[in-house]
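Enquirer: This is the structure I want to talk about, given as structure tokens.
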Amino acid sequence: MNRLNALRARLADLRVPAALVTDPLDIAWLSGFRGSNGALLVTAEDHWVVTDFRYRTQVGLEAPAWAPVFQDTGESLHAAIGRLAAGLHLDELACQANHLTWQAARRLGELLGDVDLVPHNDVLGDLRSIKSAAEIERIGAAATLADQVIAHVPHVARIGRTEREVRVGLETFMLEIGSEGTAFDIIVGGGPNSAMCHAKPGPRPLAAGDLLVIDLGCVVNGYHSDITRTFALGHAEDQAQAIYSVVYDALQAGLAAVAPGRAGQAVDSAARDLISARGHGPDFGHGLGHGVGLEIHENPRLGPSSTDTLQTGQIVTVEPGVYVEGYGGVRLEQLCLVTADGVDVLSHAPCPPDVPVI
Numbered sequence: 000m001n002r003l004n005a006l007r008a009r010l011a012d013l014r015v016p017a018a019l020v021t022d023p024l025d026i027a028w029l030s031g032f033r034g035s036n037g038a039l040l041v042t043a044e045d046h047w048v049v050t051d052f053r054y055r056t057q058v059g060l061e062a063p064a065w066a067p068v069f070q071d072t073g074e075s076l077h078a079a080i081g082r083l084a085a086g087l088h089l090d091e092l093a094c095q096a097n098h099l100t101w102q103a104a105r106r107l108g109e110l111l112g113d114v115d116l117v118p119h120n121d122v123l124g125d126l127r128s129i130k131s132a133a134e135i136e137r138i139g140a141a142a143t144l145a146d147q148v149i150a151h152v153p154h155v156a157r158i159g160r161t162e163r164e165v166r167v168g169l170e171t172f173m174l175e176i177g178s179e180g181t182a183f184d185i186i187v188g189g190g191p192n193s194a195m196c197h198a199k200p201g202p203r204p205l206a207a208g209d210l211l212v213i214d215l216g217c218v219v220n221g222y223h224s225d226i227t228r229t230f231a232l233g234h235a236e237d238q239a240q241a242i243y244s245v246v247y248d249a250l251q252a253g254l255a256a257v258a259p260g261r262a263g264q265a266v267d268s269a270a271r272d273l274i275s276a277r278g279h280g281p282d283f284g285h286g287l288g289h290g291v292g293l294e295i296h297e298n299p300r301l302g303p304s305s306t307d308t309l310q311t312g313q314i315v316t317v318e319p320g321v322y323v324e325g326y327g328g329v330r331l332e333q334l335c336l337v338t339a340d341g342v343d344v345l346s347h348a349p350c351p352p353d354v355p356v357i
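Rendered as structure tokens:
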């Protein structure tokens, strides 16, 4: 109920009488209901979950504190929402503008009649970004699994094997140790492909001297982790070590900047300014990090255009990189919990100051 009360406080701040929640992950976070068809309607005093006949048992098990409203046979979800809202005599209904399509919003607006559908990107705002103790435990467990997968890299990433074979080996191991799946498509980039931020594993065989970027995440009870490490195959060239040192130092600068009350833009600048001062500013073209939870990318954001401010209980990545086109790249990523004292790093796979050779 704490989450529900937090949403009601947000509605009071927005001065709207009710909210419609349609994002499936927000529905699960707020109510516990994980059906594929549903919506939540919340007022200052009441709360409903709208779904269909298929979920009449599931909704009672997963969202027992919520009053169920079921679609009539042949009735659409939007029509059922309209039917419920009509009986509440609302004048406004806040919706998740960043989730509803224009077509869905238009149709829903027609069904609501005299009720004004008010778009709000911040219906839930940053509520989901601040993690409960149970959420922190789940993300920490997912991070521990990811550490184990990183430890398995030397067993599958060998000279002569293809990037695709490495990906399959890591994903298979990930599932064997208990991850519910991959948090996202595993990134494996070797040699010049390591300069592609989101390299898709292909048929290229790994070669001696290659830089190898591995970016992956595990899932525990629906919660994600995210980690990146960079290796050298067989031996580390001087250029590879030089790039790695820049990224390692930028990672430390970024981690040192993480603290409650610190602007996401300022955390990004701490790492970005160091990379620029070391001559690689043009080679770092993405944001420093992002929140992680039910989604692999969620608020807050750490980047040059971020307007977010870090708060205690948020979990973010810090992941600087340098990508030299035609040669290779390095990215290092730690998953971090923002604490009252600064930061608690949840990723424990080794991240040494010198590029690890495998």
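Under numbering that gives the first Met the number 0, the first residue of the sequence shown carries the number 0, and numbering increases by one thereafter.
We treat Cβ as the ideally placed atom computed from N, Cα and C, and that holds for glycine.
All values derive from a computational prediction rather than experimental measurement.
1. Can you give the Cα-Cα distance for Trp424 and Lys130, rounded to whole angstroms?
2. Would Leu83 pass as a contact of Val114 if the rule is Cβ separation under 8 Å?
3. Does Gln102 come out as helix, strand or coil in the three-state DSSP assignment?
4. Taking 8 Å as the cut-off, decide whether the C-beta atoms of Ile226 and Val321 are in contact.
5. When DSSP builds the beta bridges, which residues end up paired with Val344?
6. Quick one: residues in its chain with C-beta nearer than 8 Å to the C-beta of His347, no 5 flanking neighbours on either side, listed in chain order?
7. Where does the unbroken alpha helix (DSSP H) through Leu87 begin, and where does it stop?
8. If we require 4 or more residues per run, which alpha helix (DSSP H) segments fall completely within the stretch 134-185?
9. Considering only the alpha carbon of each residue, which of Ala276, Ile185 and Gly328 lies closest to Asp209?
10. With a Cβ-Cβ cutoff of 8 Å, do Gly286 and Gly302 count as a contact?
11. Under the rule that 16 or more other beta-carbon atoms within 10 Å means buried, what is Asn4, buried or exposed?
12. Quick one: Cα of Ala262 to Cα of Asn298, how far?
13. On the DSSP letters alone, give me the boundaries of the alpha helix (DSSP H) that Tyr247 sits inside.
14. Can you tell me whether Tyr326 is helix, strand or coil according to DSSP?
15. Is it buried or exposed for Thr80, if we count other Cβ within 10 angstroms and need 16 for buried?
16. Let me confirm a value: Ile138 is counted as buried when at least 16 other C-beta atoms fall within 10 Å, else exposed. Which label applies?
17. To the nearest whole angstrom, what separates the beta carbons of Phe230 and Leu211, a pair I think is in contact under 8 Å?
18. Measuring CB to CB, does His151 end up less than 8 Å from Phe183?
19. State the Cα-Cα distance for the pair Arg53 and Ala27, rounded to the nearest angstrom.
20. My guess is that Leu309 and Ala258 are in contact by the Cβ rule of under 8 Å, so how many angstroms apart are they, rounded?
21. Around the C-beta of Gly284, are 16 or more other C-beta atoms found within 10 angstroms, so that it is buried, or is it exposed?
22. In three-state DSSP terms, what is Ile314?
23. Starting from the C-beta of Arg166, find all residues in its chain whose C-beta is less than 6 Å away, skip the five residues before and the five after it, and write them out in chain order.
24. Which of the three DSSP states, helix, strand or coil, is assigned to Ala262?
25. So Cys217 packs on Val117, CB below 8 Å; how close in whole Å?
26. Report the start-end ranges of each beta strand (DSSP E) in the stretch 21-95 that is 3 residues or longer and not cut off at the edges.
27. How is the beta strand (DSSP E) around Asp115 delimited, first residue to last?
28. Measure the CB-CB distance between Val41 and Ala17 and report whether it falls below 8 Å.
29. Using only CA atoms, which one of Ile135, Gly233, Gly189 and Ile213 lies nearest to Leu169?
30. Quick one: grab the DSSP three-state call for Leu19.
31. What are the residues that DSSP puts in a beta bridge with Cys217?
32. Please confirm whether Gly31 and Glu61 have their CB atoms less than 8 Å apart.
33. Is it the case that the Cβ atoms of Arg2 and Leu92 are separated by a distance below 8 Å?
34. Taking the DSSP output, what are the residues bridged to Thr306?
35. Among Arg277, Gly280, Ser244 and Gly290, which one has its Cα closest to the Cα of Leu331?
Expert: Answer, in terms of the structure:
1. Coverage of the chain is limited to positions 0 through 357, which leaves residue 424 absent and any answer about it impossible.
2. Stepping through the sequence shown from its first residue, residue 83 is reached at position 84. Stepping through the sequence shown from its first residue, residue 114 is reached at position 115. No, they are not a contact pair.
3. In the sequence shown, counting from the first residue as 1, residue 102 sits at position 103. Helix at Gln102.
4. Numbered from 1 along the sequence shown, position 227 holds the residue referred to as residue 226. Numbered from 1 along the sequence shown, position 322 holds the residue referred to as residue 321. Taking 8 Å as the Cβ cut-off, Ile226 and Val321 do not qualify as a contacting pair.
5. To locate residue 344, count along the sequence shown from 1; it is residue 345. Bridge partners of Val344: Cys335.
6. The residue given as residue 347 occupies position 348 in the sequence shown. Once the five neighbours on either side are set aside, the close Cβ partners of His347 are Ala142, Thr143 and Asp146.
7. Here residue 87 corresponds to residue number 88 of the sequence shown, with the count starting at 1. First-last for Leu87: undefined, no H or E at that position.
8. 152-155 and 162-175
9. Working through the sequence shown from its first residue, we reach residue 209 at position 210. Cα-wise, what sits closest to Asp209 is Gly328.
10. To locate residue 286, count along the sequence shown from 1; it is residue 287. To locate residue 302, count along the sequence shown from 1; it is residue 303. Contact: yes.
11. Against the sequence shown, residue 4 aligns to sequence position 5. Counting the other Cβ atoms within 10 Å of the Cβ of Asn4 gives fewer than 16, which makes it exposed.
12. Start at 1 with the first residue of the sequence shown, and residue 262 comes out as number 263. Start at 1 with the first residue of the sequence shown, and residue 298 comes out as number 299. Using only the alpha carbons, I get a separation of about 13 Å.
13. Position 248 of the sequence shown, counted from the start, is the residue given in the question as residue 247. Here the alpha helix (DSSP H) through Tyr247 covers Asp237 to Ala256.
14. Locating residue 326 in the sequence shown gives position 327, where the first residue counts as 1. Correct three-state label for Tyr326: coil.
15. Within the sequence shown, residue 80 is the residue found at index 81, counting from 1. According to the sequence as given, residue 80 is Ile; it is not Thr. With 16 or more Cβ atoms within 10 Å of its Cβ, Ile80 is classed as buried.
16. The residue you call residue 138 lines up with position 139 of the sequence shown. Buried is the call here.
17. By one-based count along the sequence shown, residue 230 stands at place 231. By one-based count along the sequence shown, residue 211 stands at place 212. The pair is a contact, with the Cβ atoms about 5 Å apart (cut-off 8 Å).
18. For the purposes of this step, residue 151 is taken as residue 152 along the sequence shown, with counting starting at 1. For the purposes of this step, residue 183 is taken as residue 184 along the sequence shown, with counting starting at 1. Against a cut-off of 8 Å, the Cβ pair of Phe183 and His151 comes out as no contact.
19. Numbered from 1 along the sequence shown, position 54 holds the residue referred to as residue 53. Numbered from 1 along the sequence shown, position 28 holds the residue referred to as residue 27. Rounded to whole angstroms, Arg53 to Ala27 spans 17 Å at the Cα level.
20. Here residue 309 is taken as the residue at index 310 of the sequence shown, counted from 1. Here residue 258 is taken as the residue at index 259 of the sequence shown, counted from 1. Going by Cβ atoms, the distance from Leu309 to Ala258 rounds to 7 Å, so yes, they are a contact pair.
21. The residue given as residue 284 occupies position 285 in the sequence shown. So Gly284 ends up on the exposed side.
22. Numbered from its first residue, the sequence shown carries residue 314 at position 315. Strand at Ile314.
23. Here residue 166 refers to the residue found at position 167 of the sequence shown. Within the same chain, Arg166 has close Cβ partners Ile185, Val187 and Pro200.
24. Residue numbering aside, residue 262 sits at position 263 when the sequence shown is read from its first letter. Ala262 falls in the strand class under three-state DSSP.
25. In the sequence shown, residue 217 corresponds to position 218, counting from 1. In the sequence shown, residue 117 corresponds to position 118, counting from 1. Going by Cβ atoms, the distance from Cys217 to Val117 rounds to 38 Å, so no, they are not a contact pair.
26. The stretch 21-95 contains these whole beta strand (DSSP E) runs: 38-42, 46-50, 66-69 and 91-95.
27. In the sequence shown, counting from the first residue as 1, residue 115 sits at position 116. Asp115 -> beta strand (DSSP E) spans Asp115 to His119.
28. As a working mapping, residue 41 is identified with position 42 in the sequence shown. As a working mapping, residue 17 is identified with position 18 in the sequence shown. Result yes, Cβ atoms of Val41 and Ala17 sit closer than 8 Å.
29. Locating residue 169 in the sequence shown gives position 170, counting from the first residue. Here the closest residue by C-alpha is Ile213.
30. In the sequence shown, residue 19 corresponds to position 20, counting from 1. DSSP places Leu19 in strand when its eight states are reduced to three.
31. Your numbering for residue 217 matches position 218 in the sequence shown. Partner(s): Thr181.
32. Position 32 of the sequence shown, counted from the first residue, corresponds to residue 31. Position 62 of the sequence shown, counted from the first residue, corresponds to residue 61. Yes, the Cβ-Cβ distance between Gly31 and Glu61 is below 8 Å.
33. Here residue 2 refers to the residue found at position 3 when the sequence shown is read from its first residue. Here residue 92 refers to the residue found at position 93 when the sequence shown is read from its first residue. Against a cut-off of 8 Å, the Cβ pair of Leu92 and Arg2 comes out as no contact.
34. Mapped onto the sequence shown, residue 306 falls at position 307. Paired residues: none, contrary to the question.
35. Within the sequence shown, the letter at position 332 stands for residue 331. Ranking Arg277, Gly280, Ser244 and Gly290 by Cα distance to Leu331 puts Ser244 first.
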